[in-house]
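Sequence order for the protein chains is A and B. With the first letter of the first sequence counted as 1, position 7 gets the number 7 in this note's numbering; the numbers rise by one all the way through. In short: position in the second sequence from 1, add 1000, done, that's this note's numbering.
There are 2 protein chains.
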Amino acid sequence: MNRTPSASAEDYLKALYALSTAPDASERVNTKAIADRLSLSQPSVTSMLKSLQKQGLVSYASYRGAALTADGRTEALRVIRKHRLIEVFLHRMLGYSWSEVHDEAERLEHAVSDTLIDRMDAALGFPDFDPHGDPIPGRDLTMRSHDAVCLLEIEPPCEVTIKRVMSQDSAVLDWLGQRGIRPGAPIRLVHLSPFDGPAEIAIDDRAIHLGRGLASMLRVRPVDAD
Amino acid sequence: MNRTPSASAEDYLKALYALSTAPDASERVNTKAIADRLSLSQPSVTSMLKSLQKQGLVSYASYRGAALTADGRTEALRVIRKHRLIEVFLHRMLGYSWSEVHDEAERLEHAVSDTLIDRMDAALGFPDFDPHGDPIPGRDLTMRSHDAVCLLEIEPPCEVTIKRVMSQDSAVLDWLGQRGIRPGAPIRLVHLSPFDGPAEIAIDDRAIHLGRGLASMLRVRPVDAD
DNA sequence: TTTCAAAGTTAGACACGGCTAACATGTCAA
DNA sequence: TTGACATGTTAGCCGTGTCTAACTTTGAAA
Chain A
1 MNRTPSASAE DYLKALYALS TAPDASERVN TKAIADRLSL SQPSVTSMLK
51 SLQKQGLVSY ASYRGAALTA DGRTEALRVI RKHRLIEVFL HRMLGYSWSE
101 VHDEAERLEH AVSDTLIDRM DAALGFPDFD PHGDPIPGRD LTMRSHDAVC
151 LLEIEPPCEV TIKRVMSQDS AVLDWLGQRG IRPGAPIRLV HLSPFDGPAE
201 IAIDDRAIHL GRGLASMLRV RPVDAD
Chain B
1001 MNRTPSASAE DYLKALYALS TAPDASERVN TKAIADRLSL SQPSVTSMLK
1051 SLQKQGLVSY ASYRGAALTA DGRTEALRVI RKHRLIEVFL HRMLGYSWSE
1101 VHDEAERLEH AVSDTLIDRM DAALGFPDFD PHGDPIPGRD LTMRSHDAVC
1151 LLEIEPPCEV TIKRVMSQDS AVLDWLGQRG IRPGAPIRLV HLSPFDGPAE
1201 IAIDDRAIHL GRGLASMLRV RPVDAD
């Protein structure tokens, strides 16, 4: 009863991990939230949760949502580690842009062995972050914590460094990338318009106005924090 | 009705290709031969052949065996191309030995996109052969012909170069590799014992005696043929 | 020409992972 | 406290790809 999770099961575990570690998330995760995230019907989710519980990866109670067990969390982190290392590998070794890596990694993460991923890790020099700035769990499958904060929580004006861009949408990533907005880039938060207005930032002395949606995807650290 | 073949379907197409291009193969391939090669039951094969026929990849008639259609052949070659390029990639870029590459490639071949494989191909400098000396179909999906002959067809004594080692068994490959028997290695066929006896070869002036089984896996070219 | 073993197919089952339709439960607002 | 509506589950279906058991066909030897 403890076989390797199927590709589908891995996707559920990843979704569960992401939803339960989201900024404002509760302990237990909704059936609906999982269904929405994976674009599946709710009954499909119910049935997979029961199956994952039988495998000891999820704790689940009818009408009460689900949570990862310690084992489930480990499996989720194993997949996330694979996903992010593959992203770095595609980016650095094969010239993929950061907007292209996600979809390819989404398929490969279910096919690469633990051995292969460790060799990729070594070939890359044991990177800590993927091309989007997402932290890569180490071989011990613990998630590194990330001390960056949301751009919208900064008091303008302020010089910050972009640490992480929390989007997987390739159109968004292309648009940001063309403007130099990527992890490591130094930017200046100039102004935050009230009433959910845009954020004005400056990068290389060029002004860019970002809607709140986009701005909230940027995780930054004040320059003097180092 | 012309979707991308499933991972299973790809395995059947590869098997069909291998069996129908084997040295002494007939036009049509047995159900049993496929079942044996894939370690599946015969009824499973019958049912998949019907499905592949419906997809236009295989021509099949009850009790008459099966053959690839032009489309099926193309799909088979696409998978073989992926498999062999992945093998080269693992070997050259990630330090895999030639006895390790097959199993990993067997899983990855179903997950890599055409785009990724083309980038790997370019990163490797468009190799013509995989680590076992098997020819890699080009982007146009045509199989390069291979002018090497079986070691057992050579008249000893004769200096030859090993061109290809037709085994996927890692124990066999390790044993051969430890003795320097790999594509590119120059060897001397010293003697062929009669009555299905061993082949005596010399490599770096060291004598090695190979059973017919092993010897028949070696494809070579006489040194003066270049 | 007959027969019989090997090869092939059909029938029917199962696990997996989806789905829709219908029913059950929870929760918030009145 | 009680609806009403959002959320969740159950029931039952489907397609894929596998299996075993039972039956059919083929083809080669007698």
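For glycine and all other residues, C-beta sits at the position ideal for the given N, C-alpha and C. Please read all numbers here as calculations on a predicted model, not as lab measurements.
Any idea which residues DSSP pairs residue i with across the strands?
i       : result
A/S191  : Per the sequence shown, residue 191 of chain A should be read as His rather than Ser. Note: A/H191 sits in a beta bridge opposite A/E200.
A/H208  : According to the sequence provided, residue 208 of chain A is Ile. The question's His does not apply to it. Note: A/I208 sits in a beta bridge opposite A/I201.
A/R221  : A/T161
B/A1066 : B/V1029 and B/Y1060
A/P131  : DSSP, once it has assigned bridges, lists no residue as partnering A/P131.
B/V1149 : B/V1220
A/P186  : A/T161
Please look up how many angstroms separate the CB atoms of residue i and residue j, rounded, as I've assumed it's under 8 Å.
i       : j       : result
B/R1028 : B/G1065 : 3 Å
A/V165  : A/P222  : Not a contact, Cβ separation roughly 17 Å.
B/R1219 : B/V1112 : Rounded, the Cβ-Cβ distance is 27 Å, inconsistent with contact.
B/A1202 : B/L1151 : No, B/A1202 and B/L1151 are not in contact; Cβ-Cβ is about 13 Å, not under 8 Å.
A/R37   : A/L19   : 7 Å
B/D1134 : B/R1084 : 6 Å
A/L210  : A/P156  : That pair is no contact at about 12 Å.
A/S41   : A/A35   : 6 Å
Applying the criterion that 16 or more other CB atoms from any shown protein chain within 10 Å of the CB defines a buried residue, is residue i buried or exposed?
i       : result
B/G1213 : exposed
B/F1089 : buried
B/D1011 : buried
B/G1125 : exposed
A/A15   : buried
A/K82   : buried
B/G1056 : exposed
A/Y63   : exposed
B/D1224 : exposed
A/K234  : Only positions 1 to 226 of chain A appear in the structure, and residue 234 of chain A is not among them; the question remains open.
B/P1137 : buried
A/P194  : exposed
B/A1070 : exposed
A/K54   : exposed
A/A9    : buried
B/A1076 : buried
A/P131  : buried
B/A1007 : exposed
A/P43   : exposed
B/E1153 : exposed
B/A1105 : buried
Distance cutoff 8 Å, beta carbons only. Does residue i sit that close to anything in chain A?
i       : result
B/A1033 : no
B/A1111 : yes
B/P1119 : A quick correction: the sequence has Arg, not Pro, at residue 1119 of chain B. It does: the Cβ of B/R1119 has a partner Cβ on chain A nearer than 8 Å.
B/L1094 : yes
B/L1116 : yes
B/R1078 : no
B/R1003 : no
B/E1075 : no
B/E1010 : no
Between residue i and chain B, is any beta-carbon pair separated by less than 8 Å?
i      : result
A/G125 : no
A/L85  : no
A/R107 : yes
A/E159 : no
A/E104 : yes
The stretch 1103-1123 of chain B contacting the stretch 1180-1193 of chain B, beta-carbon criterion three pairs below 8 Å: Segments in contact, no.
Three Cβ pairs or more, each shorter than 8 Å: is that satisfied between the stretch 167-174 of chain A and the stretch 93-107 of chain A? Touching, yes, given that three or more Cβ pairs across the two stretches are closer than 8 Å.
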